[in-house]
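Using the numbering used here, the first residue of the sequence shown is number 9, and each one after it goes up by one.
Cβ coordinates follow ideal geometry from the N, Cα and C atoms, glycine included.
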Amino acid sequence: MSDSVKNKIISATLLRTPLAFVCNMALAYVAYWLCRLVFWAENYAAFPQFWSGNSLKDIFTGAWMFDTSAILYTNVLYAVVMLLPLHLKEHRWWQQVAKGLFVLVNSLAIIINLSDAVYFQYTGRRTTTTVFQEFSNEGNIGSIVGVELLRHWYLVVAGIALIVLLWKAYRLPSDILSLHAEGSRSSRRKHKVFTSKLQGLCYYLLHLILFVAYIPITVIGMRGGATTAVRPITISNANQYVARPAEAAVILNTPFSLIRTVGKAKFITPAYFEDANEMGKIYTPIHRPQPDSTFVKKNVVVFILESFGREYIGALNETLEDGHYAGYTPFVDELCRESATFRWSFCNGRKSIDGMPSILSSIPMFVEPFVLTPASMNTFGGLAQELGKHGYETAFFHGAENGSMGFQAFARKTGFQKYFGRTEYNADPRFRGDEDFDGLWAIWDEPFMQFYCAQMSELKEPFMTALFSATSHHPYSVPEAYRDTFPEEGLVIHKCIRYTDHALRRFFEEARKQPWFRNTLFVLTSDHTNLSDHAFYQSDIGGFCSPIIFYDPSGTLFEPRMREGIAQHIDIMPSVLGLLRHDEPYLAFGCDLFHTPADSTWAVNYNNGIYQYVKHNRLLQFDGMQTRAVYALSDSLLEHNLLGTEPLQTQMEWELKAIIQQYMSRMNEDRLTPAGDNSDPMHHQP
C-alpha cells in the first residue's frame, strides 16, 4: 500500500465519524426548519405579518437558538454514541445503530412539531407538558387523534416525507472522504489501520479532545448562551425576536417547549413589592361586602358555550364590515338587546380548562392552566360554594363522558353538589340516550340543553347551575337532521355556531314556561375563542374576545344595555355575587362590574409569555421584567406601539405587577380564601 493511500486512510479514520456527526446534526436543523415552515403555513391566519413585520435576522437568530437547544437535548445520546473516544464506533454495525437512534429521535421531533401545527389552532401557543394531564381523563383520545389525522392527511404525508428525508440523507462515516478501492477494502478488513503506536495515540487523543470539548458546547447550546449573565432560555425568551407575542410560537419548536416545562415550578413569586401592605393598596383579590346587605335569592344559570367567541355575534359587532356584519347568532342577538353587555369583553385563557376556573372561581390562567398545577390542590372555592352558604342547590352539566377534561372533579372541588353528564343523560328515559351522542365528544347541544332545562325544574329553589356545551368544537359537525338547515358557510365552525344558537333558542322557549324562569339571573359566555376571519380577532388581544352577557328576565337587577367598560371572565363571579348582595368576604381576582366605575374596569390575560393588561382604553404588554408594548384599543391591528410615550404606562405597569405578585404569592402560599387576610377592602381595584 502506498504512503499516500495510508495517509488517506489514517485521515479518514481520524475525521470521518466526527464529520458525519456534524453533517447529521445539520440535517436535524433542516428538519426543524421545514417543520417550522409547515407550522407557519398551517396557521397562516394567526401570523399574517410574520415575515414582513419582523427582521429576518431576528427570526433566524431566535429559531437557531431554540432549535439548537432542542436538538442538543434530544440528540444527547446520539452525540455520545458518535463521539465516544473508542475505535469500536468505527464498526459498521455500531454506525447502523447510531443511524437508527438518530432517525428515531428526530422522527419523534418531527411528529411532535407537525402535530402541534394542528393543536395550536385551539390553544394559541406551543404545547407544554401540561397536555398530558389535560387529556388524561379522555377515554376517546384515540378517536380524536384518528379524526384529526384524516382531516390533516397532508401533514401525515409531510411527516412521512421528512422522516424518509432523514433516513436517505443520513451520512454514515463511510460516506465521508471516500477512499480508493484499495484503501476502502483495507479499511473494511482492518477496523484499526494504525501503522504505529503514535498514529493510534493520535486517534484516541483527538477523539478524547473532541468528546470533552463537546460537553461545554452542549451546555452552552442547551442554555442558550455562554455568559454568566445568561439564564437558561425559556419559552418567554422567544418574545424578544418577534413583534407580537403570538408570533413567538413560530420562533419556538414544540420539543423545546416540552423539555423546558418538565418538572418546572409553574408559579414563581416575583419581588416587585417588598411591602405586602403597599401592594395591597394597589390591588387585592379579597372582596369584603357590606355586612348589612340584604341577600337577593335569585336562581343563577351560567352558560359556558364552547368556542362561542364574541366575533360570531352580530349584536356585539355593530361596526364590523362597515356596519353590514350580521354574524351567525340571530337568537343571541335578540337576547343581547334585553341584557347587560360590555363594550369590551375578554376571556382569561385559550383552553376549555382555563374557562372553568376563570368563570366559576374568578381565577385567571397565568403561565399554565390552573387546574394542571400543584396550586389546584390549594383550598379555594367558587360561585357554587358561596351561594351554597345561602342554601342554594347547585349542579353542573356537561354532555361528555363523566370525568372528561377534569370538569367533574373541578365542579365537586368548588362546591357543586350534583353533576350531570353523559351517564345521567343516558339514564333519563325522557331522552334518547346515546342516539344523541355526536360520535366523538358529547351529547348534541340541543337535546342536552333540553335535558338541562328539565333537570333544573326538579331542583329546589334557589338553585345555581352551570352548563358547558360541546357541539361547537372540532371536528365541527352538526346533527344529520340539520345538515341542510345549517350548511357549510365561511369558516367550518360557523354552522356549529348557528346550531348552538338554535339550541339556545329552544332552551329559552322551554325555560320561559317554567315557574323559576323570571326569578333567574342568566349569564352567557364562551370558554375561549376559536377560528377567525376578521383581522382584529386575529390580533394578540382580539384572540381573547369572549361575549359576557347578563340577562335578568324580571328586569329588577340592572338596566339592559351595552355598558362602557371592560369585562372579563374573572368578573363574572364577583358581579353575580354583587347583584345578589352577597354579604360574606370571598376571594375573586376580578371585579364587580355593576358596582365598579367603567373607567376602573380592566382585564388581564397571558399570551405566550406576555401578560396583557387592558385598562383606560389601552393595552399594555409586559414580559414579567419590562413593558414590551403599549397600544390604544382603537388601534385595532396593534400597529402603533406607544411604548415610552404613553402617560399611563408606569401606572398600568405597577397595577399589573401587583396583580401578578398577588396571584403568584397566593398560589404558592395556599392563600386562595379570605381567611386570615387583612387586605384593605378600600383599595381592591387597581
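> With C-beta atoms as the reference, is Arg-440 less than 8 Å away from Pro-455?
Replying inline: yes
> Once you ignore the five residues that flank Arg-636 on each side, which residues in its own chain have a CB closer than 6 Å to its CB?
Replying inline: Gln-629
> Taking Cβ to Cβ, would you say Asn-247 is nearer than 8 Å to Gln-129?
Replying inline: no
>> Rounded to the nearest angstrom, what separates Glu-326 and Ala-169 at their Cα positions?
In response: 47 Å
> Just reading off the alpha helix (DSSP H) that Met-714 is part of, what are its end residues?
Replying inline: Residue 714 cannot be examined here, being either before or after the span of the chain that is shown, 9 to 694.
> How is the beta strand (DSSP E) around Met-457 delimited, first residue to last?
Replying inline: Here Met-457 belongs to no beta strand (DSSP E); instead the alpha helix (DSSP H) covers 453–464.
> Among Thr-564, Thr-609, Leu-532 and Ala-53, which one has its Cα closest to the Cα of Gly-340?
Replying inline: One detail in the question is off: residue 340 reads as Val in this sequence, not Gly. Considering only alpha carbons, the answer is Leu-532.
>> On a Cα-Cα basis, can you pick out the residue from Ile-574, Tyr-433, Gly-396 and Asn-434 that is closest to Ala-419?
In response: Gly-396
> In terms of DSSP beta bridges, what is Tyr-427 paired with?
Replying inline: Phe-404
> Three-state secondary structure (DSSP) at Ser-360?
Replying inline: helix
>> Which of the three DSSP states is assigned to Lys-623 in this structure?
In response: strand
> Taking all protein chains shown into account, do 16 or more other C-beta atoms lie within 10 angstroms of the C-beta of Gly-652, making it buried, or fewer, making it exposed?
Replying inline: exposed
> If you pair each beta-carbon of the region 675–682 with each one of the region 380–397, do three or more pairs fall below 8 Å?
Replying inline: yes
> By Cβ distance below 6 Å, which residues in the same chain neighbour Gly-429 in space, the five residues on each side in sequence not counted?
Replying inline: His-406 and Asn-410
> Using the rule of at least 16 other Cβ atoms within 10 Å of the residue's Cβ for burial, across every protein chain shown, is Pro-495 buried or exposed?
Replying inline: exposed
> From which residue to which residue does the alpha helix (DSSP H) around Glu-394 run?
Replying inline: 391–396
> For Asn-32, which option in Leu-45, Phe-68, Gly-108 and Gly-70 has the closest C-alpha, if you only look at C-alpha atoms?
Replying inline: Gly-108
>> Quick check on DSSP: helix, strand or coil for Cys-599?
In response: coil
>> Excluding the 5 residues flanking Ala-334 on each side, which residues of the same chain have their C-beta closer than 6 Å to its C-beta?
In response: Gly-322
>> If distances are taken between C-alpha atoms only, which option among Ile-184, His-99, Thr-292 and Ile-578 comes closest to Pro-555?
In response: Ile-578
>> Please return the same chain residues whose Cβ sits closer than 7 Å to the Cβ of Leu-27, not counting the five positions on each side in sequence.
In response: Ile-184
> When you compare only the Cα positions, how much space is there between Gln-546 and Arg-24?
Replying inline: 50 Å
> Could you give the uninterrupted runs of the beta strand (DSSP E) lying entirely in the region 299–372, keeping only those of 3 residues or more?
Replying inline: 307–313 and 349–354
> Hey, how far is the Cα of Val-379 from the Cα of Ile-361?
Replying inline: 7 Å
>> Spatial neighbours of Gln-425 within its chain, please: C-beta separation below 6 Å, excluding the five flanking residues on both sides.
In response: Thr-402
> CA-CA distance, Pro-377 and Leu-45?
Replying inline: 28 Å
> Using the beta-carbon count (16 or more within 10 Å), is Glu-663 buried or exposed?
Replying inline: buried
> With a CB to CB cut of under 7 Å and the five nearest residues on each side skipped, what residues in its chain are close to Tyr-490?
Replying inline: Tyr-507
> Buried or exposed: where does Glu-342 fall if 16 or more other Cβ atoms within 10 Å of its Cβ makes it buried?
Replying inline: exposed
> Can Ile-79 and Tyr-37 be called in contact, C-beta distance under 8 Å?
Replying inline: yes
> What are the boundary residues of the alpha helix (DSSP H) that includes Arg-420?
Replying inline: 415–421
> Whose C-beta lies closer than 7 Å to the C-beta of Gly-498 among residues of the same chain, with five residues either side of it excluded?
Replying inline: Asp-541
>> Can you tell me where the beta strand (DSSP E) holding Ile-574 begins and where it ends?
In response: 570–576
> Val-155 lies in the alpha helix (DSSP H); which residues open and close that run?
Replying inline: 149–159
> Between Leu-512, Ala-666 and Asn-538, which lies nearest to His-482 when the distance is taken from Cα to Cα?
Replying inline: Asn-538
> Identify the residues that DSSP records as bridge partners of Ile-618: which are they?
Replying inline: Asn-615
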